[in-house]
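**Student:**
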Amino acid sequence: MTDMSNQSAASRDSASWFLASARDRLAGLLDPGSFVEFLPPSERVRSPHLALFDLPAAFDDGMVVGRGRLDGQGVLAAAQEGQFMGGTFAEVSGAKLIGLLRAARDNPDLPRTVLLLLDSGGVRLQEANAGELAVAEVMRAIIEARSAGVAVIALVGGRAGAFGGAGLTAATCSRIVISEQGRLGVTGPEVIETNQGVEEFDSQDKALVWGVTGGRTRRLIGGSDAYALDTMAGFREAAVSLLGNPSPFDLRTLQAEQDRLAARQQRLGACDSPAALWATLGVPDPGAARDMDDEAFAALAATVKGTDHDAR
Amino acid sequence: MTLRSNVPSRRAWDTGQHSREQRLAAASRYARGKLVAHHDATALLEAVLRPGDRVCLEGDNQKQADFLARSLAQADPAVVRDLHIVQSGIVLAEHLDLFEAGIARKLDFSYSGPQGGPLARALAERKIELGAIHTYLELFSRYFVDLTPHVALTVARCADRDGNLYMGPNTEDSPVVIEATAFKQGIVIAQVNELVDKVPRVDVPGDRVDFVVVAPEAFYVEPLFTRDPAQVTETQILTAMLAIRGIYEEYGVRRLNHGIGFNTAAIELLLPTYAERRGLKGRIATHFALNPHPTLIPAIETGWVQQIHSFGSEVGMDAYMRARPDIYFTGRDGSMASNRLYCQAAGLYATDLFIGSTLQIDLQGNSSTVTRGRIAGFGGAPNMGSDPHGRRHASDPWLKAGREAADGQAGLARGRKLVVQIVETFGDKLVPTFVEQLDSVQLAETLRLDLPPVMIYGDDVTHIVTEEGIANLLLCRTADEREQAIRGVAGYTPVGRGRDRRAVEDLRARGVIRRPEDLGIDPLDAHKSLLAARSIKELMHWSGNLYDPPRKFRNW
Amino acid sequence: MTLDEILASLLPAGHDVLVRPDRLILGTGRRRDGGAVHVIGIADGEPLGTAGVLPLAERVLRVIAAGDGAPILVMVDTRGQRMARRDEMLGLNEYLAHLAKCLLLASRHGHRTIGLNYGKAAAGAFLATALATDVLVALPGAEPAVMDLPSMARVTKLPEDRLRALSRTTPVFAPGLASMTEVGAVAEIWDPQRPLDAQFEATLANVPDQDVRDALGAERGGRRLALDVARRVAAQATGRLHAAAS
Amino acid sequence: MVTITLRYTTRGPASGHAPSAIVGVVASGNLEVLLERALPDTVCAVEIATPVRGYDEVWQAVVADFVERTSPGGLHISINDGGARPDTVALRLMQGIRMMEAGR
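Residue numbers (my numbering), protein chains in the order written: chain A, 1 to 312; chain B, 1001 to 1556; chain C, 2001 to 2246; chain D, 3001 to 3104.
1) Is there a C-beta anywhere in chain D that falls below 8 Å from the one on ALA51/A?
2) For the alpha helix (DSSP H) containing ARG1448/B, name the first residue and the last one.
3) If you run the structure through DSSP and keep just helix, strand and coil, what is LEU1546/B?
4) Contact criterion: CB-CB distance below 8 Å. Does ALA95/A meet it with respect to chain C?
5) Are the beta-carbon atoms of ALA2106/C and LEU2048/C separated by less than 8 Å?
6) By Cβ distance below 6 Å, which residues in the same chain neighbour ALA2145/C in space, the five residues on each side in sequence not counted?
7) Would you decide whether ALA228/A is buried or exposed? Buried here means 16 or more other CB atoms lie within 10 Å of its CB.
8) Under three-state DSSP, which class holds HIS2098/C?
9) Can you name the residues of chain B whose CB is closer than 9 Å to the CB of GLN204/A?
10) So for ALA77/A, helix, strand or coil by DSSP?
11) Beta carbons nearer than 8 Å to chain C: which residues of the stretch 268 to 284 of chain A have them?
12) Spell out whether any CB of chain D is found under 8 Å from the CB atom of ARG1501/B.
13) Just mark LYS1429/B as buried or exposed, buried being the case when its beta carbon has 16 or more other beta carbons within 10 Å.
14) Per DSSP, what are the beta-bridge partners of HIS1150/B in this structure?
15) Let me know if PRO108/A comes out buried or exposed under the rule of 16 or more other beta-carbons within 10 Å of its beta-carbon.
16) Taking its Cβ as the centre, do 16 or more other Cβ atoms sit within 10 Å of ASN2268/C, making it buried, or is it exposed?
17) Hey, is the stretch 1368 to 1376 of chain B in contact with the stretch 1452 to 1471 of chain B, meaning 3+ C-beta pairs nearer than 8 Å?
18) Over what stretch of residues does the beta strand (DSSP E) that includes GLN1191/B continue unbroken?
19) Compare the C-alpha of PHE249/A against each of GLY167/A, ARG159/A, ARG312/A and LEU184/A and name the closest.
20) For the alpha helix (DSSP H) that contains PRO2195/C, what are its first and last residues?
21) Would you list the residues sitting across from ILE2262/C in a DSSP beta bridge?
22) Strictly under 8 Å for the Cβ-Cβ distance: is ALA3061/D near chain B by that measure?
23) Residues in its own chain within less than 6 Å of GLU137/A by CB, not counting five upstream and five downstream?
24) For PRO1432/B, which residues does DSSP report across the bridge?
25) Consider the Cβ of GLY1491/B: report whether some Cβ of chain D lies at a distance smaller than 8 Å.
26) How about GLY1496/B and THR1425/B: do their beta carbons lie closer than 8 Å?
27) Which residue wins for smallest C-alpha separation from GLU257/A, given the options ARG2030/C, GLY2091/C, ASP2161/C and ARG2023/C?
28) Does any residue of chain A bring its CB to less than 8 Å from the CB of SER3015/D?
29) Quick one: what's got a C-beta closer than 6 Å to HIS2098/C's C-beta in the same chain, skipping five residues either side?
30) Could you spell out the range, first to last residue, of the alpha helix (DSSP H) harbouring SER273/A?
31) Taking the runs of the alpha helix (DSSP H) that are 4 residues or longer, which of them lie wholly in the stretch 10 to 56 of chain A?
32) Reducing DSSP to helix, strand and coil, say where LYS305/A ends up.
33) Would VAL1204/B and PRO1175/B qualify as a contact pair, given that the criterion is a beta-carbon distance under 8 Å?
34) For SER3078/D, list the residues DSSP reports as bridge partners.
35) From the DSSP output, read off the bridge partner residues of LEU2018/C.
36) Just checking my contact of GLN255/A with LYS1552/B at CB under 8 Å: how many whole Å lie between their CB atoms?
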């Protein structure tokens, strides 16, 4: 939200990822001063559709794309601004990401890592068709890039989470980093409540919302590959740990994913609550595990079988 | 006719006692000892209530006798009618249903919070005959003068068979309500979560309780004082910095009360950071009359706070308070003990500063939380936020404020309580906080109220803090100066833009108005990283996981 | 057209495609030249949840493993992903993405993939199935949509009439087949009056080897910016690379 | 949407050397401010796009105070507003100036 250049490196490192803006996250994640933006705000590539709805446009359409360095290594990066229109996929925001992924796919000289800082409720309704299609194009571009040897790493920990198309996009990536605050899913709790009733999902019950979609549950079921502290340094460390040697996108990987998703369905399909699910996974005291600090949880997650896999 | 002395009057002196006996007799078929089954609750109420009775249906700021409220709302309006409700909080929809159904007719209350909108509508439709909107202390006082309840419906965590009640941290209004009712031959009925052999602590002795109903569900408590640090804005942080630097530090305020808004939550979260860096620990904010605000946990844990007495409790704070008896008042059983009457009196007489937010401030400094179509009531803020003329003990901040107000005039030395309004110049949806006339004036006319509901009268207000700066009204010498001082911190609201720029600059030169830069504060430093905790979970971790936040705040 | 009619017209040489009790479509058919066509899909508007994904994805993986190179037809009539707390808790996003990835992998293994939208198609289930194919075709009467107008009115807090008026001129957001075609999602609409097998063969003969949907959208005028924006980003990405290298 | 364009003559150029900066986010109650060093040294132009009608005078007052305080000569300032309060607008403008001073 604000310029972080005035702050010391230490306070920048410890700033909350959850509360930060897309630009703050890029600044905090990447090596200082290394980020170069493509189609920056000064080019004013905005959505032409929002004005029809009397909504303000943003100079970047809520998608910041560019290149920089992470731990000295070149990376391409895209960050969604969850506060602008819920970080949604739309014609322009989607196309910016697609352009970045296709560039990575087509140019072996470009960095072989793409970081996706997801923070999105899914498709922008005011541009629903363009947005939905953009997600389909993004998913295909991710697969094409992965097939060309590019590692695509999703980072989830923003206020909008990663729902709808963003949830599918995350799971199309080579690797997923998530923090406790991060939420990952398809249909948002409010929509489930509206359509299926409050008995099915009470969206006001945040403990339930996070139990169902939040970072800790995702990490425990193997829905993410790394667990980050909710700080710039935390996400940086987690992303660095995933750099290099991505698993290939091939039949073996997908067969392994099929096996792991089938096993999950079999083992956890009957669980009715997050606590039951955690208990089935072997977490001795789900309530305590939910409330423990991040370091303790990361250690606990390491003891749960199936959280680490090469099947995505 | 001549008055003859020394002849005993022949009138009956115990009609109240008779009435009570009749009511108890009518109710006896539903009771085994003091116990009444929950499915007989409505019948019990129909048996003990008489048309026109004054009834207190707690109805507090936080805890609610919700089962008894539902039971009363189901009563037959032909039997139970025209009740006069005398309770502090109109919080549940059922409270208003009573008037809709004709079960109740007249109302005297303090606070309406969530029912502020429906209450205003009911008043406009003349469905409620309004006595007055009180402060807590006023209403409690009138329980002993002219609004003594005939029947009190109270709520406790548990009871024993003798009717001894344990309320735990949520004692709140109950002792005063019950004492007024029981000692004037009224009937006291308690809903409890469970029946036990021995209560952990006797908050209300059983001989003041006539009936006990074990409710089918635990009573409702509103988590009214939980503020998520993640929601605190940079502007609120700025106003908090101004208040700490320009008022707490300036006057050396140690004994105080905070309102429930985000601005004061920001102050609480800045004590261990911003205020610590200014070396103020031990010199400010040590003793509070305050509910157990979760946002104060970091300041408590870092040794800032020495003692807190509370009006009520807060959901999830039980275990934490139990573990910090040096800070909170606790019973022999270890659980925290609150009391709204005592704490209101403490906040009125024993603190040097009240600071709180409001929705509207006019050119005289009068403030109100009434906005178009909503009557939120007062609660306790007008008690905290007033200069008690009955105060007779001195303290440095009180004397300093008094000196500023006296302007070197000869006369008896006298102090002033610091009464601070901390606001942002605009509220939600660009609604200006500063106005030429309070909405409550219009509302009072529409509803034909005897007087417009004013939260804090301008002559009690000593300072107004906004993101534009601090206006010290103690230093204003004329009505015109006062108006310009208020305009001078009213930002870009129409009131603010209507300032006399020259006059405002003069006031600033005299220190009546102080801008952030006058206090060495750069607004760009007002950053969220200054908050000692930035989420509810961090508050929980500060507490060593003793604080157990309500589910609706657990975003993890 | 009913599903049976579609299948009869599409695979006149014979097929064993069945709709299972869970409304999943699975089977194989014969093309005119005797070659196989693998068919998967969802029928009767059934929502797609974690349980539904697994058999479909498994079938696609088996087809890839068998290596016959035969095309895969993905037939969809689904009102969207299953909206349930349990499916979300299990990580429905991974399941849906997995199915999409299986289809995209099949393409890379030389199986031409054709999506056929013959009923409803919405949201995450759409992305997991028909939108993950090489070419998406539709039959008249298909109802692809992200969200219907009444729901959209609720979420955007705009009057439904206003949205309806806007939908006439703004294909980027208007629900329906015409809009989805204009933005480039649907490559073509088959003619139900003519035999579908011939149209299927024609579609198979023209499967593009890359994603052309943004180009289609630009050409048809329903999505004027996407292609250009993507190209500009790519150009700056590579341009700056060269500048940095020099 | 309404557009408001304001133009000022300033005492001198804005300090610093950053060619451009962006601060804030378009969100409810918030705004983004794009500052570009693109005009003659004593000219400042501010262009505002906002969905909130009827606040022209407030915008003029906020921006005039800002220009008076900071002398942002040479800057072309573009604002996408999400219904921000004036104090938020003033804060973002000041943040933008600081970024223009700090940047390369």
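The C-beta atom is built at its ideal place from N, Cα and C for all residues, glycine as well.
Keep in mind it's a predicted model, so treat the numbers as computed, not measured.
**Tutor:** Considering the structure as presented:
1) For the purposes of this step, residue 51/A is taken as the residue at position 51 of the first sequence. It does: the Cβ of ALA51/A has a partner Cβ on chain D nearer than 8 Å.
2) Taking the second sequence and counting its residues from 1, the one referred to as residue 1448/B is at position 448. Counting along the chain, ARG1448/B falls outside any alpha helix (DSSP H), and DSSP gives it neither H nor E.
3) Position 546 of the second sequence, counted from the start, is the residue given in the question as residue 1546/B. Residue state, collapsed to three classes: coil.
4) Stepping through the first sequence from its first residue, residue 95/A is reached at position 95. Yes, ALA95/A lies at the interface with chain C (some Cβ there is under 8 Å from its Cβ).
5) On the third sequence, residue 2106/C is found 106 positions in, with the first residue counted as 1. On the third sequence, residue 2048/C is found 48 positions in, with the first residue counted as 1. The answer is no: Cβ separation not under 8 Å.
6) Locating residue 2145/C in the third sequence gives position 145, counting from the first residue. If we look at ALA2145/C and ignore the five residues flanking it on each side, its Cβ neighbours are ALA2122 and PRO2175.
7) Here residue 228/A refers to the residue found at position 228 of the first sequence. Buried, by the Cβ-count rule.
8) For the purposes of this step, residue 2098/C is taken as the residue at position 98 of the third sequence. HIS2098/C falls in the helix class under three-state DSSP.
9) Within the first sequence, the letter at position 204 stands for residue 204/A. Those within 9 Å of GLN204/A in chain B are ARG1551 and LYS1552.
10) As a first step, residue 77/A must be located in the first sequence, where it is residue number 77. ALA77/A falls in the strand class under three-state DSSP.
11) LEU268, GLY269, CYS271, ASP272, PRO274 and LEU277
12) To locate residue 1501/B, count along the second sequence from 1; it is residue 501. Not an interface residue.
13) Mapped onto the second sequence, residue 1429/B falls at position 429. Per the 10 Å Cβ criterion, exposed.
14) Numbered from its first residue, the second sequence carries residue 1150/B at position 150. Looking at the DSSP assignment, HIS1150/B forms no beta bridge with any residue, so it has no partner.
15) On the first sequence, position 108 is the one that residue 108/A refers to. It is exposed - the Cβ of PRO108/A has fewer than 16 other Cβ atoms within 10 Å.
16) Residue 2268/C lies beyond the range of chain C shown here (2001 to 2246); nothing can be said about it.
17) yes
18) Here residue 1191/B refers to the residue found at position 191 when the second sequence is read from its first residue. Its beta strand (DSSP E) spans residues 1187 to 1195.
19) Residue mapping note: residue 249/A aligns to position 249 of the first sequence, counting from 1. Looking at the Cα atoms, ARG312/A is the closest of the given residues.
20) Start at 1 with the first residue of the third sequence, and residue 2195/C comes out as number 195. No alpha helix (DSSP H) contains PRO2195/C, which DSSP labels as neither H nor E.
21) Since the first and last residues shown for chain C are 2001 and 2246, residue 2262/C lies out of range.
22) Here residue 3061/D refers to the residue found at position 61 of the fourth sequence. Chain B, which has a Cβ nearer than 8 Å to the Cβ of ALA3061/D, makes this yes.
23) Walking along the first sequence from the start, residue 137/A turns up at place 137. Cβ neighbours of GLU137/A beyond the five flanking positions: ILE98.
24) To locate residue 1432/B, count along the second sequence from 1; it is residue 432. For PRO1432/B, which the question treats as bridged, DSSP gives the partners PHE1426/B.
25) By one-based count along the second sequence, residue 1491/B stands at place 491. GLY1491/B counts as touching chain D.
26) Your numbering for residue 1496/B matches position 496 in the second sequence. Your numbering for residue 1425/B matches position 425 in the second sequence. Contact flag set, yes.
27) As a first step, residue 257/A must be located in the first sequence, where it is residue number 257. It is GLY2091/C whose Cα lies nearest to the Cα of GLU257/A.
28) For the purposes of this step, residue 3015/D is taken as the residue at position 15 of the fourth sequence. No, its Cβ sits nowhere closer than 8 Å to a Cβ of chain A.
29) Here residue 2098/C is taken as the residue at index 98 of the third sequence, counted from 1. If we look at HIS2098/C and ignore the five residues flanking it on each side, its Cβ neighbours are ALA2057.
30) By 1-based counting over the first sequence, the position of residue 273/A is 273. Looking at the DSSP string, SER273/A is not in any alpha helix (DSSP H), and its letter there is neither H nor E.
31) 22 to 29
32) What you label residue 305/A is simply residue 305 of the first sequence in a count that begins at 1. Correct three-state label for LYS305/A: coil.
33) If you number the second sequence from 1, residue 1204/B lands on position 204. If you number the second sequence from 1, residue 1175/B lands on position 175. Result yes, Cβ atoms of VAL1204/B and PRO1175/B sit closer than 8 Å.
34) The residue given as residue 3078/D occupies position 78 in the fourth sequence. SER3078/D is bridged to LEU3034/D and GLU3047/D.
35) Walking along the third sequence from the start, residue 2018/C turns up at place 18. Answer by DSSP bridge pairing, in chain order: LEU2026/C.
36) Working through the first sequence from its first residue, we reach residue 255/A at position 255. Working through the second sequence from its first residue, we reach residue 1552/B at position 552. Wrong, their Cβ atoms sit about 42 Å apart, outside the cutoff.
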